[in-house]
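In our numbering, the protein residues as written are 1062 to 1379.
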């Protein structure tokens, strides 16, 4: 597990070196370093963590106050970097009466391609995001998932090395999500570095090859999903159990090494403070089966992204 950087033997396509950004007295990003390499990287953090500032720095919309952002070894702030970066923003900015095909072609023209080249590139991008058969419909008629795929098409129309996606799965239905994830994986398999931001930690489980945790402008931790899970194994949880015999169960819970505290919540609930969840849950299942406890409901009440980040902040001594 590393804190503040992702290390790999693969050459980086983008690198932050001790980057800070502030607005007056407000520090939006504080001494952040990392490298993006081919594959899918998740940028996870609660709202207001600094994700948007990081993305704006990477895509050349902002200049760092300190440090350096480079894409393919050129400054992200320079015009030359634009050809290496594709950006899919969270918010829509469409001409609703325009067709999807016309929009992607228009964006290719804005990138400087001649008419014939813009046509070829837009058709290739539409095919890659599986929107060719619906490209002549007006943008205003598209579902959320279709709008996201059209935004993705304009982001990859110039075949960039780095693709930045800001909350691309937000509000997308399960079918649309599956289609988008398939395209993300195809892009990663083609050697592109894909950065996907999200405030939902669970989204990264089946999506990202590596994850970066950011909160309050700081990079708290980064690494593969296996490394992240290993780190969070020590994250203490609050677990609520509804049972027919809560007092008797509470006595048994206090005997488990992984349980740090038990609080009775009348009429039939227990609130447990648990460390080492990987040890606790199998022990609970074994005990419930052996003693025939009737557990009606079990829920983890502080497994939110914010709770995880609060834990990481405490671990970092911030």
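No residue lacks a Cβ here, since even glycine has one placed at the ideal position from N, Cα and C.
(1) Helix or strand or just coil, what does DSSP make of residue 1228?
(2) How would you label residue 1188, buried or exposed, when you count the other beta carbons within 10 angstroms and need 16 or more for buried?
(3) Apply the 10 Å Cβ neighbour rule to residue 1073 and answer buried if 16 or more other Cβ atoms are within range, or exposed otherwise.
(4) For the beta strand (DSSP E) that residue 1092 lies in, which residues bound it at each end?
(5) Taking the beta strand (DSSP E) that residue 1131 falls in, what are its first and last residues?
(6) Taking the alpha carbon of residue 1220 as the reference point, which residue from 1147, 1346, 1210 and 1345 has its own alpha carbon closest?
(7) Which whole-angstrom value is the C-beta distance of residue 1248 and residue 1206, which I expect to be below 8 Å?
(8) Looking at C-beta atoms only, is the number of pairs between the stretch 1250–1259 and the stretch 1095–1107 that lie closer than 8 Å three or more?
(9) Given a cut-off of 8 Å, decide if residue 1132 and residue 1280 are closer than it, judged by their beta-carbon atoms.
(10) I want to know whether the stretch 1121–1136 touches the stretch 1208–1216 - three or more CB-CB distances under 8 Å.
(11) Determine the direct distance from the alpha carbon of residue 1090 to that of residue 1336, and round the result to whole angstroms.
(12) Can you tell which of 1251, 1300 and 1243 has its C-alpha closest to the C-alpha of residue 1267?
(13) At what residues does the alpha helix (DSSP H) containing residue 1177 begin and finish?
(14) On the three-state DSSP scale, how would you describe residue 1340?
(15) Can you give me the C-alpha to C-alpha distance between residue 1152 and residue 1360, rounded to a whole angstrom?
(16) Please identify the residue among 1082, 1075, 1078 and 1076 whose C-alpha is closest to the C-alpha of residue 1278.
(17) Across the stretch 1224–1237 and the stretch 1179–1194, are there enough close Cβ pairs to call them in contact, namely three or more that are closer than 8 Å?
(18) Of the choices 1311, 1124 and 1202, whose alpha-carbon is the least far from that of residue 1161?
(19) Return the chain-ordered list of same chain residues with a C-beta closer than 6 Å to the C-beta of residue 1068, the five sequence neighbours on each side being excluded.
(20) List the endpoints of the continuous beta strand (DSSP E) containing residue 1311.
(21) Under a three-way DSSP split, which group does residue 1145 fall into?
(22) Which same chain residues, not among the five before or five after residue 1097, have their C-beta less than 7 Å away from its C-beta?
(23) Counting along the chain, where does the beta strand (DSSP E) carrying residue 1304 start and finish?
(24) Within this structure, are the beta carbons of residue 1156 and residue 1200 separated by less than 8 Å?
(25) Hey, would you say residue 1118 sits closer than 8 Å to residue 1080, going by beta carbons?
(26) Out of curiosity, what's the CA-to-CA distance linking residue 1324 and residue 1346?
(27) Ordered along the chain, which non-local residues of its own chain (more than five positions away) have a Cβ less than 8 Å from that of residue 1349?
(28) Sorted by chain position, which residues of the same chain lie with C-beta nearer than 7 Å to residue 1264's C-beta, five sequence neighbours on each side aside?
(29) Is it right to say residue 1227 is buried, meaning 16 or more other beta carbons lie within 10 angstroms of its own, or is it exposed?
(30) On a CA-only basis, which of 1315, 1120 and 1129 is nearest residue 1140? Give me that one, please.
(31) On a CA-only basis, which of 1085, 1173 and 1252 is nearest residue 1218? Give me that one, please.
(32) Report the three-state DSSP secondary structure of residue 1271 (helix, strand or coil).
(33) Would you kindly work out how many angstroms separate the C-alpha atoms of residue 1342 and residue 1354, rounded to a whole number?
Well, looking at it:
(1) In the structure shown, residue 1228 sits in coil (DSSP, three-state: anything other than H, G, I, E or B).
(2) The Cβ neighbour count for residue 1188, taken over all protein chains shown within 10 Å, is under 16; the residue is labelled exposed.
(3) Per the 10 Å Cβ criterion, buried.
(4) For residue 1092, the enclosing beta strand (DSSP E) covers residues 1087–1097.
(5) Run containing residue 1131: 1127–1132, per the beta strand (DSSP E) assignment.
(6) Answer by Cα proximity: 1147.
(7) Wrong, their Cβ atoms sit about 17 Å apart, outside the cutoff.
(8) Counting Cβ pairs under 8 Å, three or more are found: they touch.
(9) With respect to residue 1132, residue 1280 sits apart: the two C-beta atoms are not nearer than 8 Å.
(10) The stretch 1121–1136 makes no contact with the stretch 1208–1216; the number of CB pairs closer than 8 Å stays below 3.
(11) The straight-line gap from Cα to Cα measures roughly 31 Å.
(12) Shortest Cα-Cα distance from residue 1267 to any of 1251, 1300 and 1243 involves 1243.
(13) Secondary structure note for residue 1177: its alpha helix (DSSP H) is the uninterrupted segment 1176–1189.
(14) In this structure, residue 1340 counts as helix in the three-state DSSP scheme.
(15) Near 34 Å, if we compare the C-alpha coordinates of residue 1360 and residue 1152.
(16) It is 1082.
(17) No, the stretch 1224–1237 does not touch the stretch 1179–1194.
(18) Residue 1202 holds the alpha-carbon nearest to the alpha-carbon of residue 1161 among 1311, 1124 and 1202.
(19) For residue 1068, the pLDDT reaches just 42, beneath the cut-off of 50, and the residue's location in the model is therefore unreliable, although a value from the coordinates is still provided. Contacts found: none.
(20) Where residue 1311 is concerned, there is no enclosing beta strand (DSSP E), although the alpha helix (DSSP H) it sits in stretches over 1307–1314.
(21) Three-state result, residue 1145: helix.
(22) Taken in chain order, the residues that qualify are 1073, 1074, 1075, 1223, 1254 and 1256.
(23) In the DSSP annotation of this structure, the continuous segment of the beta strand (DSSP E) that includes residue 1304 starts and ends at 1298–1304.
(24) Residue 1156 is a Cβ neighbour of residue 1200, given a cutoff of 8 Å.
(25) Yes. Within cutoff.
(26) If you draw a straight line from the Cα of residue 1324 to the Cα of residue 1346, it comes to about 20 Å.
(27) So the list reads 1356, once near-sequence residues are dropped.
(28) The beta carbon of residue 1264 sits closer than 7 Å to those of 1230, all from its chain and outside the five residues before and after it, given in chain order.
(29) The residue in question, residue 1227, is buried, as its Cβ has 16 or more Cβ neighbours within 10 Å.
(30) Among 1315, 1120 and 1129, the Cα nearest to that of residue 1140 is on 1120.
(31) Among 1085, 1173 and 1252, the Cα nearest to that of residue 1218 belongs to 1173.
(32) Reduced to three states, the DSSP call for residue 1271 is strand.
(33) A straight line joining the alpha-carbon of residue 1342 with that of residue 1354 spans about 15 Å.
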